[in-house]
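Reading through the structure tokens given below for one structure.
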Amino acid sequence: MFAEYWNPYIERMPIEDLHKLQEERLRSLVRYVHDHSRFYRQRFQEAGVEPDDIKKLSDVTKLPFTSKRDLRNTYPTGMFCIPENWVVRYHVSSGTTGKPTVVGYTQGDVDMWTESLARALTSIGLGRGDVIQVSYGYGLFTGGLGLHYGAERIGATVLPTGAGNTERQIELMQDLGSTAIACTPSYFLYINEVAQKMGVSIRNDTKLRAGILGAEPWSEETRKRIEDSTGIKAYDIFGTSEMSGPLFTECHLQNGIHIWADLFLIEVIDPKTGMRVEDGERGELVVTSLDKWAFPLIRYKTGDITILNNEQCECGRTHPRIMRILGRTDDMIIVRGINVFPSQVESVLMRIPEIGDNYQIIVDRKGPLDVMTVKVEVTESTFSDKIADLMSLSREVGRQLKNVLNITAEVELVEPGAIPRSEGKAQRVIDMRRV
Amino acid sequence: MEGIKQISIFAENKPGRMARVARTLADASVNIRALTIAEAGDFGVIRMVVDDTEKGYKALHDDGFTVSETDVLAVEIKDIPGGLYEIANTLGMNNVNVDYAYAFVTAKAERAMLILRVDDIEKATEVLSDAGVRLATREEIQNI
Numbered sequence: 150m151f152a153e154y155w156n157p158y159i160e161r162m163p164i165e166d167l168h169k170l171q172e173e174r175l176r177s178l179v180r181y182v183h184d185h186s187r188f189y190r191q192r193f194q195e196a197g198v199e200p201d202d203i204k205k206l207s208d209v210t211k212l213p214f215t216s217k218r219d220l221r222n223t224y225p226t227g228m229f230c231i232p233e234n235w236v237v238r239y240h241v242s243s244g245t246t247g248k249p250t251v252v253g254y255t256q257g258d259v260d261m262w263t264e265s266l267a268r269a270l271t272s273i274g275l276g277r278g279d280v281i282q283v284s285y286g287y288g289l290f291t292g293g294l295g296l297h298y299g300a301e302r303i304g305a306t307v308l309p310t311g312a313g314n315t316e317r318q319i320e321l322m323q324d325l326g327s328t329a330i331a332c333t334p335s336y337f338l339y340i341n342e343v344a345q346k347m348g349v350s351i352r353n354d355t356k357l358r359a360g361i362l363g364a365e366p367w368s369e370e371t372r373k374r375i376e377d378s379t380g381i382k383a384y385d386i387f388g389t390s391e392m393s394g395p396l397f398t399e400c401h402l403q404n405g406i407h408i409w410a411d412l413f414l415i416e417v418i419d420p421k422t423g424m425r426v427e428d429g430e431r432g433e434l435v436v437t438s439l440d441k442w443a444f445p446l447i448r449y450k451t452g453d454i455t456i457l458n459n460e461q462c463e464c465g466r467t468h469p470r471i472m473r474i475l476g477r478t479d480d481m482i483i484v485r486g487i488n489v490f491p492s493q494v495e496s497v498l499m500r501i502p503e504i505g506d507n508y509q510i511i512v513d514r515k516g517p518l519d520v521m522t523v524k525v526e527v528t529e530s531t532f533s534d535k536i537a538d539l540m541s542l543s544r545e546v547g548r549q550l551k552n553v554l555n556i557t558a559e560v561e562l563v564e565p566g567a568i569p570r571s572e573g574k575a576q577r578v579i580d581m582r583r584v
Numbered sequence: 010m011e012g013i014k015q016i017s018i019f020a021e022n023k024p025g026r027m028a029r030v031a032r033t034l035a036d037a038s039v040n041i042r043a044l045t046i047a048e049a050g051d052f053g054v055i056r057m058v059v060d061d062t063e064k065g066y067k068a069l070h071d072d073g074f075t076v077s078e079t080d081v082l083a084v085e086i087k088d089i090p091g092g093l094y095e096i097a098n099t100l101g102m103n104n105v106n107v108d109y110a111y112a113f114v115t116a117k118a119e120r121a122m123l124i125l126r127v128d129d130i131e132k133a134t135e136v137l138s139d140a141g142v143r144l145a146t147r148e149e150i151q152n153i
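Now the structure itself:
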């Protein structure tokens, strides 16, 4: 329909040429980090690898992994490869699971980030004439500023609302004619909920047609629910702060997230063994940056669980795709020895029309047994006066969860609004066992 | 004759939920005629008949409660032994099932009333009327 590319030369580059480009960039990256970072030099030494050992693309597996732990241990800037007066910007992650982590950018790094998003936003059909409402947080979080620069680069109009103040967001959306919004999927659901209370229909009373949603794992079923209830197209966006911030989205075909291969080399591994899994199998995403200079990444374990797809997309872009993020290695909960991802629970719940868009998973221990409780909200439109109907709804949710998860979950029906809403990343799991 | 509507509210089984419902109705100056709570573990359903159903429904809905309206019957019970039997038997003989029921007595009107939720409201109305049982109208409930 809109065969438009931001950078057609790169985006449609024949795969062999792309690999050649990656190989060249990998070689110079390894030399660069070795020469500019004591941290990487030491790591290479421990792994017994020299820059000259990296000749072919497949040699990347000789390089050691890095992880969030390395970032924390070298806090604040021990993994940087440039003098600090070359840094044009810092972003800092919230540190919900430990010490905060600091990322830094040269001007070139900011430009690379912006280029990546310019390609991505163009691939979903946005450009000049669009009004993109950026409802990700601005400031230390990468989401707001990242999308802001990317949207400006393609000539769109940016409405930098940031997160929060939801009623005002909806008024501005109407008054200034936002055609796209960037935020977390849970915040978009909340915006829709507030709009309904205000008597505003996103479908009929706004020009919104695209949502660029991410920064937390979400499911295909949630996408369907968002699209059906608001009439917009919801696109998945991916990127971690260590990689720069949000960088990649699906194209207009909505079938996997295109990872620009000239900018990042990706692998999907078994988090336990560190070995690569077959294409099409789920595993942990590992990234190596190919055009990032202040804070380059070598085989960085993102903690995000996904599936790699090397088949070429019908949109004409030759770059590999990953499936939506299925969960995180650190948000996987183990209940009675069984691995449970919140996204699995979500995909079950979103198929059941009688329950609302919000849910919470609570894991606790009763005696020797783990007990998983899933809280879901009853919706007014389907609320039945009969206890029996409510009980059978609760049983049905439990039955469907058991089918998918293979464990019994207690289902608790709660009042609408009882589950806390979030303007950023939603907290879906409360694990009481650690306390 | 305009039928009687009951308000049902979904409520979590937690301290203070009932108070919130009651306060919302008090603030809206809605008077409760009869009330019952059916509980099922973590949650319950509060059912009530009020003097002004529209106003009560709107006040609760706007306050964020999950509310629904249900058609019910309000029948007058004779305050003598066998009063309830007459009604229940009439419905049973005619194959009308009672989903649930709750009763109240009004001092002012000196009447006992039974709120009935049945599976076939038209048939119930017909067979009870034929049996000489008096059914209250909406106006009567409002003006008790």
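Note that the protein sequences, when read in sequence, are chains A and B. Using this note's numbering, the first residue of the first sequence is number 150, and each one after it goes up by one. Using this note's numbering, the first residue of the second sequence is number 10, and each one after it goes up by one. Every residue gets a Cβ at the ideal spot worked out from N, C-alpha and C, and that includes glycine.
Can you list, in chain order, the residues of the region 528-556 of chain A whose Cβ is nearer than 8 Å to any Cβ on chain B?
Thr-528, Glu-529, Phe-532, Ser-533, Asp-534, Lys-535, Ile-536, Leu-539, Met-540
Residues of chain A with CB under 7 Å from B/Glu-21, in chain order?
Counting from 1 along the second sequence, the entry for residue 21 of chain B is found at position 12. Neighbours of B/Glu-21 on chain A, chain order: Val-563, Glu-564, Ala-567.
Could you give the first and the last residue of the continuous beta strand (DSSP E) run that contains A/Leu-275?
Residue mapping note: residue 275 of chain A aligns to position 126 of the first sequence, counting from 1. From DSSP, A/Leu-275 is part of no beta strand (DSSP E); its letter is neither H nor E.
Closer than 8 Å, Cβ to Cβ, to anything on chain A: give me those residues from the region 71-82 of chain B, in chain order.
Gly-73, Phe-74, Thr-75, Val-76, Ser-77, Thr-79
Nearest chain A C-beta to B/Phe-52 closer than 8 Å, yes or no?
Here residue 52 of chain B corresponds to residue number 43 of the second sequence, with the count starting at 1. Interface residue, yes.
First through last residue of the beta strand (DSSP E) which encompasses B/Phe-74
Within the second sequence, residue 74 of chain B is the residue found at index 65, counting from 1. Note, B/Phe-74: premise wrong, no beta strand (DSSP E); not H, not E.
Between the Cα of A/Arg-477 and the Cα atoms of A/Glu-561, A/Arg-485, A/Lys-450, A/Glu-370, which residue gives the shortest distance?
Here residue 477 of chain A refers to the residue found at position 328 of the first sequence. Closest by alpha carbon: A/Lys-450.
For B/Ala-37, the three-state DSSP class (helix, strand or coil)
Along the second sequence, read from residue 1 onward, the residue named residue 37 of chain B stands at position 28. Coil.
What separation, rounded to the nearest whole angstrom, lies between the Cα atoms of A/Glu-233 and A/Asp-258?
Stepping through the first sequence from its first residue, residue 233 of chain A is reached at position 84. Stepping through the first sequence from its first residue, residue 258 of chain A is reached at position 109. Each residue's alpha carbon lies about 14 Å from the other.
Residues bridged to A/Val-343 (per DSSP):
The residue you call residue 343 of chain A lines up with position 194 of the first sequence. Paired residues: none, contrary to the question.
CA-to-CA distance, A/Ser-543 to A/Arg-500, given in whole angstroms
As a working mapping, residue 500 of chain A is identified with position 351 in the first sequence. As a working mapping, residue 543 of chain A is identified with position 394 in the first sequence. Those two C-alpha atoms are separated by around 14 Å.
Within 9 Å of chain A by C-beta, residues of the region 125-145 of chain B in sequence order:
Arg-126
Going along the chain, which unbroken runs of the beta strand (DSSP E) with 3 or more residues stay wholly within the region 402-472 of chain A?
413-418, 431-438, 449-458
Give the interface partners of B/Arg-56 over in chain A, defined as CB-CB distance under 9 Å, in chain order.
For this step, residue 56 of chain B is matched to residue 47 along the second sequence. Near B/Arg-56 (Cβ distances below 9 Å), the residues of chain A are Asp-534.
Please classify A/Lys-169: is it buried, with 16 or more other beta-carbons within 10 angstroms of its beta-carbon, or exposed?
Taking the first residue of the first sequence as position 1, residue 169 of chain A is located at position 20. By the neighbour-count rule (16 or more Cβ atoms within 10 Å), A/Lys-169 is not buried but exposed.
Quick one: does B/Ala-31 have its CB under 8 Å from some CB of chain A?
The residue you call residue 31 of chain B lines up with position 22 of the second sequence. Not an interface residue.
Proximity test, Cβ basis, 8 Å: B/Ala-68 and chain A:
Numbered from 1 along the second sequence, position 59 holds the residue referred to as residue 68 of chain B. No, B/Ala-68 lies away from the interface with chain A (no Cβ there is under 8 Å from its Cβ).
Are any of the Cβ atoms in chain A nearer than 8 Å to that of B/Asp-60?
On the second sequence, residue 60 of chain B is found 51 positions in, with the first residue counted as 1. Closer than 8 Å: no.
Bridge partners of B/Tyr-109, per DSSP?
Residue mapping note: residue 109 of chain B aligns to position 100 of the second sequence, counting from 1. Paired residue(s): B/Arg-126.
Note down, in chain order, all residues in the region 93-115 of chain B with a beta-carbon under 9 Å from any beta-carbon belonging to chain A.
Asp-108, Tyr-109
With a threshold of 8 Å on Cβ separation, who are the neighbours of A/Arg-302 within its own chain once the five nearest residues in sequence on each side are excluded?
Indexing the first sequence from 1 puts residue 302 of chain A at position 153. Thr-263, Glu-264, Leu-266, Ala-267, listed in sequence order.
Establish whether the CB of B/Ser-38 and some CB of chain A are separated by less than 8 Å.
In the second sequence, the residue the question calls residue 38 of chain B occupies position 29. It does not: the Cβ of B/Ser-38 has no partner Cβ on chain A nearer than 8 Å.
Give every residue of the same chain whose Cβ lies closer than 7 Å to the Cβ of A/Ile-164, excluding the five residues on either side of it in the sequence, and list them in chain order.
Residue 164 of chain A sits at position 15 when you count from the first residue of the first sequence. Only Thr-467 meet the Cβ criterion.
Are the beta-carbon atoms of A/Tyr-339 and A/Gly-360 separated by less than 8 Å?
By one-based count along the first sequence, residue 339 of chain A stands at place 190. By one-based count along the first sequence, residue 360 of chain A stands at place 211. Contact: no.
A/Phe-387, enclosing beta strand (DSSP E) - first and last residue
In the first sequence, the residue the question calls residue 387 of chain A occupies position 238. Counting along the chain, the beta strand (DSSP E) containing A/Phe-387 begins and ends at 382-387.
Verify the CB distance criterion: does B/Ala-49 have a CB-CB separation below 8 Å to chain A?
As a working note, residue 49 of chain B is residue 40 in the second sequence. Closer than 8 Å: yes.
Starting from A/Pro-299, follow the beta strand (DSSP E) in both directions and report where the run begins and ends.
Residue 299 of chain A sits at position 150 when you count from the first residue of the first sequence. Per the sequence presented here, residue 299 of chain A reads as Gly, with Pro not at that position. Where A/Gly-299 is concerned, there is no enclosing beta strand (DSSP E), although the alpha helix (DSSP H) it sits in stretches over 291-302.
What does the Cβ neighbour count give for A/Lys-524, buried or exposed, with the cut at 16 atoms within 10 Å?
Within the first sequence, residue 524 of chain A is the residue found at index 375, counting from 1. With 16 or more Cβ atoms within 10 Å of its Cβ, A/Lys-524 is classed as buried.
In the DSSP assignment, find the alpha helix (DSSP H) that holds A/Ser-378 and state where it starts and stops.
Indexing the first sequence from 1 puts residue 378 of chain A at position 229. Run containing A/Ser-378: 369-379, per the alpha helix (DSSP H) assignment.
Quick one: residues in its chain with C-beta nearer than 8 Å to the C-beta of A/Tyr-154, no 5 flanking neighbours on either side, listed in chain order?
Position 5 of the first sequence, counting from 1, holds the residue named residue 154 of chain A. The answer, listed in chain order, is Glu-160, Arg-161, Arg-268, Thr-271, Ser-272, Gly-465, Arg-466.
So which of A/Thr-291, A/Lys-356, A/Val-307 has the shortest CA-CA distance to A/Gln-323?
The residue labelled residue 323 of chain A in the question sits at position 174 within the first sequence. A/Gln-323 has its Cα closest to that of A/Lys-356, out of A/Thr-291, A/Lys-356, A/Val-307.
From A/Val-343, A/Val-512, A/Arg-485, pick the residue whose C-alpha is nearest to that of A/Asp-506; which is it?
Your numbering for residue 506 of chain A matches position 357 in the first sequence. Checking every option, the nearest Cα to that of A/Asp-506 belongs to A/Val-343.
Taking all protein chains shown into account, decide if A/Tyr-298 is buried (16 or more other Cβ within 10 angstroms of its Cβ) or exposed.
Walking along the first sequence from the start, residue 298 of chain A turns up at place 149. With 16 or more Cβ atoms within 10 Å of its Cβ, A/Tyr-298 is classed as buried.
Is the Cβ-Cβ distance between A/Gly-292 and A/Ala-196 less than 8 Å?
Against the first sequence, residue 292 of chain A aligns to sequence position 143. Against the first sequence, residue 196 of chain A aligns to sequence position 47. Contact flag unset, no.
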